[in-house]
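Residue numbers (our numbering): -14 to 792.
Glycine included, each C-beta is placed from N, C-alpha and C at the ideal position.
Small disclaimer: the values here were computed from a predicted structure and weren't measured.
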């Protein structure tokens, strides 16, 4: 069922008026006062009107009751007149002589003369037994019945009575005739006429109508007099029977009282007395009109006074509202002024105190919004605005603008080791160094947050930007001393120029940041933006789409590089590597897409694919009787993925794999990017029984601080040390020390980059556990690994003596 719409929705004008009233205080005050006054006046008018109506009804009722008494008295007078006339005729000697001589013609003449003299319509003489003797009517039977019924009901026929004859009220008087004994009766009568009604209305001031009905029928008006026609409406409203009340005739309200006059065997006649309500109330109308005029004048005076009062109240409030609006629009300089001397003045003073506080806070917020609180340099927002201004100027003048993005190297380690308070002081000294002499006049230096700084160089292309970047790096290379701590600081710098690389400030900053991260990844010191390494560039978006297609259309290939036990020469397993078999470009080098996948986060999908493929290959090899361990590389994004352990656990349960058949290799740099989350992930993987290995050990800068805390099983020496240890005794010492350190910590050691038999033999002498390299086998498709492992023959041990003198 659809609900009815609210009243305000149906009447837009009422809704607008209500909105106006609800918005303006002065209108609300005036409206409230006027509404209260109108309610009081309306209540007064209603009370007076109800009182007048009640009084008029009581007065009309009293007049109607009086009119009934007048009517009955008038009828009695008429009956008395008839009675006197009949007695006069009965006492006439000649009339009695005619009765005695039975002279009917004389009787008829006497009756007719007497009836004409008094205006009676009926005159007749009956004997002592009420038998008809003579009369003035042709059919005396209806009158005889009335005479006999009157005699029977009254016991005597001396009194006058009101009867019904032919459905009309009829006054009949019957008197005895004696000579001296009773010899008969004289009866005379006439119907009620318009004269009776006229006399009644003149005497009582009421209106009168006669109605008649049969005992089983409805009331009908009797057409007596000129005013009989409107009474047809009256008869229609009396259908429920005669009763006092209100009737409506010709659009006029009338009080009515029904007075029963006569009843016969078939008919009933009544008089209806009427009194106009409008006429009764008319004397009070002028009084009501006078009261209405007085009320309207009072309402106008009250409205004027309310408006003046409301304006005196709301005027200062409007001034405060205007001040609040100015404050809301940011105008905190205009004082709040109110001239009133009341509570509003106190409120205005509070507004003024608030304005002053807001003015001070706005100045502070502006400083915080556009200036770096730690170094006093412009922050990111102000720097972006400054770059926009410089770009607009460069467009007008046709010059170049360069943006340098600097990110401090290893600064997170400073915070972790020496604390954030020390790091903040160090950042302030670095800001002072960067701004003292390294930049050119007019160049802008800013701090974007953390350990990241940026500079905007005016009239500078990529070559000039490279020179300035090199100077900045040289300034930072000088050690900083704080609290007896000497800290070496370096920075990776990315460069982007206008208009070569971007045409707006945000893009220019973003591409300088991309260049900085590329510099950091390559450890190149300074780099200019290259669209090829930009994950947000069109080329990179295309590469990401192709990678997704490769993953879902079976273009990726699993390659395995064997890992051999140095003491026995047995094949222990392999390192899992991914290759991309592109449909048009052939086999794509991992260096062409792995770094990109790491930057974009797609490396997680690649890692998931690698784990699935290794699990499937391990299952096939177990079915053939081979048990091998597969090493899978985990990136930084994999380590911070808290859902990775759950995925691996489901995989192990599904394939019923021995957890020790999988080894997760993690680089030192991946651990150091977020040590806490990485440690949580590694502990969960260790708890599942998976083997964990540190890959490329020795190339990081701080993994030893966490090495004892990590739940590791294996340590993998980077190939840069293994490949050169035959000719470089320093690398040999590093390899030997690393092996001893790992064994002392209970870890097995894997050496990668074994490409010669001499390296193999030397690692055996150093008690290295496992080896991996081109000397044994290059990475091969997964389908070839089982056959290669079956055909593998360990290298001859005859070269051991050639390296004995090296120890």
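- The C-beta of residue 546 has 16 or more other C-beta atoms within 10 Å across all chains shown, which makes the residue buried.
- Relative to the Cα of residue 550, the nearest Cα in the group 734, 83, 197 belongs to 734.
- In terms of Cβ geometry, residue 444 and residue 488 do not form a close pair [threshold 8 Å].
- Per DSSP, residue 471 is one residue of the beta strand (DSSP E) stretching across 470 to 472.
- Residue 119 places its beta carbon 8 Å or farther from that of residue 168.
- Annotated as proximal: residue 480 and residue 389, with beta-carbon spacing under 8 Å.
- If only complete runs of 3 or more residues are kept, the segment 249 to 294 shows the beta strand (DSSP E) at 252 to 261, in order along the chain.
- Between the alpha carbons of residue 402 and residue 410 lies a distance of about 14 Å.
- The C-alpha of residue 569 lies about 15 Å from the C-alpha of residue 527.
- Across the structure, residue 501 and residue 470 are spaced so that their CA atoms are roughly 28 Å apart.
- With contacts defined by Cβ atoms closer than 8 Å, residue 558 and residue 614 form a contacting pair.
- Out of 255, 241, 682, the CA that lies nearest to the CA of residue 247 is found in 255.
- The beta carbon of residue 95 sits closer than 8 Å to the beta carbons of 74, 77, 79, 80, 83 from its chain, once the five residues preceding and following it are set aside; these are given in chain order.
- Cβ atoms of residue 240 and residue 46 come within 8 Å of each other, at about 7 Å.
- A distance below 8 Å separates the beta carbons of residue 674 and residue 644.
- Excluding its 5 nearest sequence neighbours in each direction, residue 223 has C-beta neighbours in its own chain below 6 Å: 204, listed in chain order.
- Counting only residues of its own chain and dropping the five nearest sequence neighbours on each side, residue 467 has a CB closer than 8 Å to the CB of 407, 410, 411, 414.
- C-alpha of residue 234 to C-alpha of residue 61: approximately 30 Å in a straight line.
- CA-to-CA, the gap between residue 294 and residue 307 works out to about 20 Å.
- A Cβ-Cβ separation of about 41 Å leaves residue 755 out of contact with residue 437 under the 8 Å criterion.
- CA-to-CA, the gap between residue 729 and residue 760 works out to about 28 Å.
- Taken in chain order, the whole alpha helix (DSSP H) runs of length 4 or more contained in the segment 497 to 553 are 523 to 537.
- Taking the CA atoms as reference points, residue 702 sits about 9 Å from residue 724.
- Between the alpha carbons of residue 579 and residue 382 lies a gap of roughly 43 Å.
- Only residues of its own chain outside the window of five on either side were considered, and among them 185, 189, 193, 244, 256, 258 have a CB closer than 8 Å to the CB of residue 56, listed in chain order.
- Burial state of residue 477 is buried, judged by a 10 Å Cβ sphere holding 16 or more other Cβ atoms.
- Rounded to whole angstroms, the gap between the alpha carbons of residue 350 and residue 312 is 15 Å.
- Cβ-Cβ separation between residue 736 and residue 753: approximately 5 Å, consistent with a contact (criterion under 8 Å).
- Sorting 232, 67, 110, 72 by C-alpha distance to the C-alpha of residue 104 places 67 at the top.
- Under the three-state reduction of DSSP output, residue 65 falls in the helix class.
- Between residue 387 and residue 446, the beta carbon gap of about 7 Å places them in contact (Cβ cut-off 8 Å).
- In the structure shown, residue 397 falls within a helical segment according to DSSP collapsed to helix, strand and coil.
- Residue 242 is a Cβ neighbour of residue 53, given a cutoff of 8 Å.
- The shortest CA-to-CA distance from residue 535 to any of 285, 553, 572, 510 is the one to 572.
- Proximity of the segment 363 to 371 to the segment 416 to 424 falls short of the contact definition, fewer than three beta-carbon pairs being nearer than 8 Å.
- Taking a contact as a CB-CB distance under 8 Å, the pair residue 598 and residue 566 does not count as one, their CB atoms being some 14 Å apart.
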